[in-house]
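Report on the structure given below.
Number of protein chains: 2
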Amino acid sequence: MDQWQPLTVPVQANPVGNVEERRLAAPGLAISTVIFALKPSETSGRPTLWLPLVRRIREPFKGQWALPGGPLRHDESLPEAASRNLLDTTGLAPRYLEQLYAFGGLHRSPAQRVVSIVYWALVQPEEAELPGEEENVRWFRADKVTDLAFDHQEIVDYALWRLRNKMEYASIAFHFLGEYFTLAQLREVYEAVLDKPLDPANFRRHVTSAVGIEPSDRYLQGGKHRPPRLYRYTGPAPSSTPRTAPNTARNPS
Amino acid sequence: MDQWQPLTVPVQANPVGNVEERRLAAPGLAISTVIFALKPSETSGRPTLWLPLVRRIREPFKGQWALPGGPLRHDESLPEAASRNLLDTTGLAPRYLEQLYAFGGLHRSPAQRVVSIVYWALVQPEEAELPGEEENVRWFRADKVTDLAFDHQEIVDYALWRLRNKMEYASIAFHFLGEYFTLAQLREVYEAVLDKPLDPANFRRHVTSAVGIEPSDRYLQGGKHRPPRLYRYTGPAPSSTPRTAPNTARNPS
DNA sequence: CTCAGTTATAGTCATAGTGACTTTAACTCG
DNA sequence: CGAGTTAAAGTCACTATGACTATAACTGAG
Numbered sequence: 015m016d017q018w019q020p021l022t023v024p025v026q027a028n029p030v031g032n033v034e035e036r037r038l039a040a041p042g043l044a045i046s047t048v049i050f051a052l053k054p055s056e057t058s059g060r061p062t063l064w065l066p067l068v069r070r071i072r073e074p075f076k077g078q079w080a081l082p083g084g085p086l087r088h089d090e091s092l093p094e095a096a097s098r099n100l101l102d103t104t105g106l107a108p109r110y111l112e113q114l115y116a117f118g119g120l121h122r123s124p125a126q127r128v129v130s131i132v133y134w135a136l137v138q139p140e141e142a143e144l145p146g147e148e149e150n151v152r153w154f155r156a157d158k159v160t161d162l163a164f165d166h167q168e169i170v171d172y173a174l175w176r177l178r179n180k181m182e183y184a185s186i187a188f189h190f191l192g193e194y195f196t197l198a199q200l201r202e203v204y205e206a207v208l209d210k211p212l213d214p215a216n217f218r219r220h221v222t223s224a225v226g227i228e229p230s231d232r233y234l235q236g237g238k239h240r241p242p243r244l245y246r247y248t249g250p251a252p253s254s255t256p257r258t259a260p261n262t263a264r265n266p267s
Numbered sequence: 015m016d017q018w019q020p021l022t023v024p025v026q027a028n029p030v031g032n033v034e035e036r037r038l039a040a041p042g043l044a045i046s047t048v049i050f051a052l053k054p055s056e057t058s059g060r061p062t063l064w065l066p067l068v069r070r071i072r073e074p075f076k077g078q079w080a081l082p083g084g085p086l087r088h089d090e091s092l093p094e095a096a097s098r099n100l101l102d103t104t105g106l107a108p109r110y111l112e113q114l115y116a117f118g119g120l121h122r123s124p125a126q127r128v129v130s131i132v133y134w135a136l137v138q139p140e141e142a143e144l145p146g147e148e149e150n151v152r153w154f155r156a157d158k159v160t161d162l163a164f165d166h167q168e169i170v171d172y173a174l175w176r177l178r179n180k181m182e183y184a185s186i187a188f189h190f191l192g193e194y195f196t197l198a199q200l201r202e203v204y205e206a207v208l209d210k211p212l213d214p215a216n217f218r219r220h221v222t223s224a225v226g227i228e229p230s231d232r233y234l235q236g237g238k239h240r241p242p243r244l245y246r247y248t249g250p251a252p253s254s255t256p257r258t259a260p261n262t263a264r265n266p267s
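Take a look at the structure:
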């Protein structure tokens, strides 16, 4: 680092350089984010995974859907850039944000080469209401997205895999919920993400024996059955920098 | 991605720009690698974790030790850049290479801002012989490194954590060894990385019940005791792209 | 040749975690 | 007040694992 000469040269505003220009241009650097939220399914009404995409308004891939993203500004860190860009393009402010992977294949973008540092985020349903469900920003079911611009399909698939994987060993599920939640609601989050039913009794045993989730003295009223106790998360707040803590653990290839 | 105007502008060959230059310059992009190998300890002779560092020959941090790294060339992918740069700076060709994290803090480098995409690698002892143990490339014990340039200490700590973490659930330990190895050798790898003794009998039970490591019909001769059977890894070869396979799993924050 | 030394390899036992399932408690509504 | 529904607790068999013991197979000293 800093040992070589930076090869940065000017590129056109409209990046449709020829081969020679492409050879010389330094790779562009972009920050993108995969945002997950739980919303009721149109059919069953049960919570399912959704994610917001933005429609491309210029070439390449004009008209296709893509992940929200943008450039890295000089005065913001990587997670700051992800958050800010999220707010700009979708109006969302995530509760949970973590780096996913850096994608740097040679032909991800037709014109200038672009290296994308991708984050993934979880938002609560309340904040998941898009300010204006505009023509150019829309929610899609996570398992139904298709025909994305660039290599964004691959990125979404990887983010989904990471979410499911991490859900099984880390305490992140409650980021989809509000401060107080019932164990049934928490279980529905797991069932939606992992896409399989879980035994309520075993789920209770598992989550109550884990640290970080504590029972409150409040109960959820209004149902037509025994009112369930409300729980809250009392563990450490997540940090968006890599950490050495033993509770936040385990990685992919 | 590709939705904004690339802000890339020329920067000086010697990056000591003033504030205004820094404001305008696009962040530099670097690829660095943390390389691990097992070498006998100077004192006990037991295998321990080592990593190679290169001495900086220019400012900033001139004279201090740093991770091997360099720029991303226009015609190479991220893992190719990591491998190539490794070969250039240390002469090593890793058997295992995986992306670690993208570090992009604002003040990692004094002059131009630099975003580093860092890989981590495992090499075998045979290939871990540095071509010339030059003045400017040297092996250090992984738990003894200190006073590194930039934020490289933090990066090494994180890579160490990731190695130890991944060692506990993924089959990567054999990448430190040759094709044929005894279970005692494999156990020594675990003991060196995790820095704790393991029960030989339990270790055997665990590793023989796992998939991917198969007994051969060969035995290691030459010891002054019962010759141990040689094993080899027969599982899938690692890919350096993110994967969705269930056997390569689990991630940090 | 025999036996002590050393490591390889197999087996035992108690305990913790977990999936499948049953039972009891507490509420609403007709 | 009883049927319906979900909450919450308990049971049981099976598996994984840490600690430990026992036996097998080699080398080298005497």
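So the sequence lines, in the order shown, correspond to chains A and B.
Residue numbers for the first sequence follow this note's numbering, so the first one is 15 and each next one is one higher.
Residue numbers for the second sequence follow this note's numbering, so the first one is 15 and each next one is one higher.
Where is the CB? At the ideal position from N, CA and C, for every residue including glycine.
Any idea which residues DSSP pairs residue i with across the strands?
i	result
T47/B	Y133/B
P54/B	P61/B
A125/B	DSSP, once it has assigned bridges, lists no residue as partnering A125/B.
G68/B	This sequence places Val at residue 68/B; Gly is not what is there. For V68/B, which the question treats as bridged, DSSP gives the partners A80/B and V151/B.
L244/B	T196/B
L162/A	W79/A
P85/A	A44/A
Does the beta carbon of residue i come closer than 8 Å to any beta carbon on chain B?
i	result
I131/A	yes
G249/A	no
Y115/A	yes
Y194/A	no
L200/A	no
L92/A	yes
E149/A	no
Looking at the unbroken beta strand (DSSP E) that takes in residue i, where does it start and where does it end?
i	result
I307/B	There is no way to answer for residue 307/B, as the model of chain B reaches only from 15 to 267.
E149/B	It is not in any beta strand (DSSP E) - E149/B carries neither H nor E in the DSSP assignment.
Q113/B	Y110 to F117
Show which residues of chain B have a CB atom less than 8 Å away from the CB atom of residue i.
i	result
L86/A	P41, G118 and V129
Can a CB atom of chain A be found closer than 8 Å to the CB of residue i?
i	result
P66/B	no
E205/B	no
P256/B	yes
Y172/B	yes
Give me, in chain order, the residues of the same chain whose beta-carbon lies closer than 7 Å to that of residue i; leave out the 5 immediate sequence neighbours on both sides.
i	result
L111/A	P93, A96, S97, Y133, A135 and S254
P252/B	Y110
V221/B	L197, L200 and I227
L120/A	R127
Who are the near neighbours of residue i in its chain, counting only those whose CB is closer than 8 Å to its CB and skipping five residues on each side?
i	result
E3/A	Any question about residue 3/A goes unanswered here, given that chain A covers just 15 to 267.
L114/A	V48, V132, Y133, W134, I169, Y172, A173 and R176
K53/A	P61, T62, W64, P139, A142 and W153
A163/B	R70, P74, F75, Q78, W79 and A80
Y204/B	M181, A187, L212 and F217
A107/B	S97, L100, L101, V137 and E141
E90/B	R98
For residue i, verify whether its CB is less than 7 Å away from any heavy atom of the ligand NAP.
i	result
E56/A	In the structure on display, the ligand NAP does not appear, and there are no ligands present to speak of.
For the alpha helix (DSSP H) holding residue i, just list the boundary residues, first then last.
i	result
Y172/B	H166 to M181
L275/B	Lying outside 15 to 267, the shown extent of chain B, residue 275/B is not represented and no answer is given.
P214/B	P214 to S223
With a CB to CB cut of under 6 Å and the five nearest residues on each side skipped, what residues in its chain are close to residue i?
i	result
L86/B	L43, I45 and A95
V129/A	P41, L43 and G118
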